[in-house]
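Residue numbering for the sequence shown follows the working numbering, starting at 32 and increasing by one per position.
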Amino acid sequence: MRLTRKSDTVETKTTSGLGLNRRQFLKSASLATGGIAAASMLGAGMMRKAEAKDVPHNAPTEVKRTICSHCSVGCGIYAEVQNGVWTGQEPAFDHPFNQGGHCAKGAALREHGHGEKRLKYPMKLEGGKWKRLSWEQAINEVGDKMESIRQESDPDSVYFMGSAKFSNEQAYMYRKLAAMWGTNNVDHSARICHSTTVAGVANTWGYGAQTNSFNDIRNSKCMMFIGSNPCEAHPVAMQHILIGKERGAKIIVVDPRFTRTAAKSDEYVHIRPGTDIPFIYGLLWHIFENGWQDDSFISQRVYGMERIQEEVKKYTPEEVENIAGVPKAQMYRVAKMMAETKPGTIVWCMGGTQHHIGNANTRAYCILQLALGNMGIEGGGTNIFRGHDNVQGATDFGLLFDNLPGYYGLTSGAWTIGQMYGISNQAGLKIVLTKVNT
Ligand code: SF4
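In structure tokens form, the structure reads like this:
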């Protein structure tokens, strides 16, 4: 079977009642390009086929503003384009995060397009050798294979794996592709990095996102890094951290490894892997024991802190030293430093999230900030350094099996009532449902 062309009249089985036959559907969704974008669903000119071109060195240069797609700092870039080819780049001096800075990963960004190891065409492994295919051939082969899988089994036999490297639009389209195919088996790479954060933070604040911004960290007077090593993983963010340090901020690094970030710290806390919660509760033990909590903030803004206080009583300095391996004197010192040096921020990354209790870890970090009254202020907050450049966007746009775009639930009741009240997240929805039910 060949791709449906203008002259083709062959109709195969329609997909999800959309009036598209299966070939049109797959072609529309550019499935063979790794599900990257629904090319023909986008307007003319928004997507075009990549072509290698010769560039005369004296060709006029256009400068286009873009963003580094390596990590979540999202540094601004001025890309130099000649004859349609990205030939050079400069870090953006007027970007609030990188302010003209770049790291080695960002400086190598053009390798995505020009690297000799980059996959430029569809390839197929045949008899142990890679063979180049045309796009038409690739789409036909993948389409036929998917069609036969679907007929032998059902739509749920296919799993659509997206990426936090997708743009918002690509994430949304890929989610739609899975839904139109007829399955909810769809996810993206943040499942193993920050899905624990999204759930933990959403259950605390009502929305699963970083609360402040990279450049706000310079306003902090005390920064605690737990499971985060920005010196190596988010290098340009480090400039804001070091500016904060130059302004007198204290730096606490909590990590089983002595990292390059730890080398810049005032306190390096060497915890045992996986003991984040006993460590945080051990700090809270000192905070409550010494009355260092922010009572007015807690009474105005926090529900249930008295239950945490009860739980925290179990985490005595002796118990925490036994579990986490942190000496009693250091626990006291760190708790006092955080209580006396405000505003303070907590930064975490995959060292805190990639655990079977990652969700509970992220909630514990938030609880510590609530006890100290460090939320909703400049230099405070929970700053969550993601791995890829669009973990947040891909998640917000519903490239997940457990949510629809905008965090609507999967049941029709969830999104219809949410729409009615203009509420799009689960926590907001619970409040509305409680009101409706009472
Ligand atoms: S810090 Fe991140 S976003 Fe900035 S240049 Fe480096 S890899 Fe790119």
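Here a beta-carbon is modelled for each residue, glycine too, at the ideal position from N, C-alpha and C.
Keep in mind the model is a prediction, meaning the values are calculated, not measured.
Contact set for residue i: own chain, Cβ-Cβ below 6 Å, skip 5 residues either direction
i: Gln340; result: Phe319
i: Ser100; result: Asp420
i: Met336; result: Ile329
i: Gln113; result: Val86, Ala90 and Thr92
i: Arg303; result: Ala355 and Gly356
i: Lys162; result: Lys155
i: Lys359; result: Pro348 and Glu352
i: Pro127; result: Asn246
Helix, strand or coil at residue i [DSSP, three-state]
i: Met255; result: strand
i: Gln6; result: Missing from the structure shown is residue 6; the chain here goes from 32 to 469 and no further.
i: Trp379; result: strand
i: Trp323; result: coil
i: Pro348; result: helix
i: Tyr363; result: helix
i: Pro127; result: coil
i: Tyr299; result: strand
i: Tyr109; result: strand
i: Gln331; result: helix
i: Gly444; result: helix
i: Glu337; result: helix
i: Val422; result: helix
i: Thr97; result: strand
i: Met192; result: strand
i: Thr227; result: helix
i: Gly411; result: coil
i: Val104; result: coil
i: Asp218; result: strand
i: Val86; result: coil
i: Gln168; result: helix
i: Pro122; result: strand
i: Arg384; result: According to the sequence provided, residue 384 is Thr. The question's Arg does not apply to it. Of the three classes helix, strand and coil, the one that applies to Thr384 here is helix, per DSSP.
i: Thr43; result: A caution first: Thr43 carries a pLDDT of 33, below 50, which makes its placement in the model unreliable, though a value can still be read off. It is coil, neither helix nor strand.
i: Asp185; result: coil
i: Ile180; result: helix
i: Thr235; result: helix
Same chain, Cβ closer than 7 Å to residue i, neighbours up to 5 away in sequence not counted
i: Ala138; result: none
i: Pro15; result: The structure shown does not extend to residue 15, since the chain is modelled only from 32 through 469, so no value can be given for it.
i: Gly305; result: His386
i: Ile272; result: Ile248, Met254 and Pro261
i: Ala8; result: Because the chain in this structure spans residues 32 to 469, residue 8 falls outside the shown range and cannot be described.
i: Gln270; result: Gly132
i: Glu409; result: Asp247, Asn250 and Pro374
Opposing strand residues paired with residue i [DSSP bridges]
i: Lys160; result: Glu157
i: Leu430; result: DSSP lists no partner for Leu430.
i: Leu435; result: Tyr439
i: Ile282; result: Met254
i: Val116; result: Gln113
i: Thr92; result: Gln113
Whether residue i touches residue j by CB criterion (8 Å)
i: Glu298; j: Arg249; result: no
i: Gln385; j: Ile223; result: yes
i: Ala240; j: Ser220; result: no
i: Leu399; j: Asp325; result: no
i: Thr97; j: Thr242; result: no
i: Ile103; j: Gly411; result: The residue you asked about is not Ile; residue 103 is Ser in the sequence shown. Not in contact: Ser103 and Gly411 (Cβ atoms no closer than 8 Å).
i: Phe432; j: Asn215; result: yes
i: Leu164; j: Pro153; result: yes
i: Lys28; j: Lys373; result: No information on residue 28 is available, as it lies outside the stretch 32 to 469 that the chain covers here.
i: Gly502; j: Ala202; result: A question about residue 502 goes unanswered here, because the residues of the chain that appear run from 32 up to 469.
i: Gly231; j: Asn390; result: yes
i: Ile415; j: Thr228; result: yes
i: Gly107; j: Ala123; result: yes
i: Ile311; j: Ala395; result: yes
i: Leu441; j: Arg206; result: no
i: Asn199; j: Gly437; result: no
i: Val422; j: His225; result: yes
i: Ile264; j: Phe245; result: Before going further, note that residue 264 is Ala rather than Ile in the sequence given. Going by C-beta atoms, Ala264 is not nearer than 8 Å to Phe245.
i: Thr393; j: Gly383; result: yes
i: Ala209; j: Phe197; result: no
i: Trp316; j: Val333; result: no
i: Gly444; j: Asn405; result: no
i: Ala370; j: Trp323; result: yes
i: Cys380; j: Ser259; result: yes
Nonlocal neighbours in the same chain, by C-beta distance under 8 Å from residue i, ignoring five residues either side
i: Glu350; result: Pro309 and Gly313
i: Phe289; result: Tyr299 and His301
i: Gln168; result: Pro153
i: Gln361; result: Glu298 and Val300
Closer than 8 Å to chain B by CB, residue i
i: His265; result: Among the chains in the structure shown there is no chain B, since it carries only a single protein chain.
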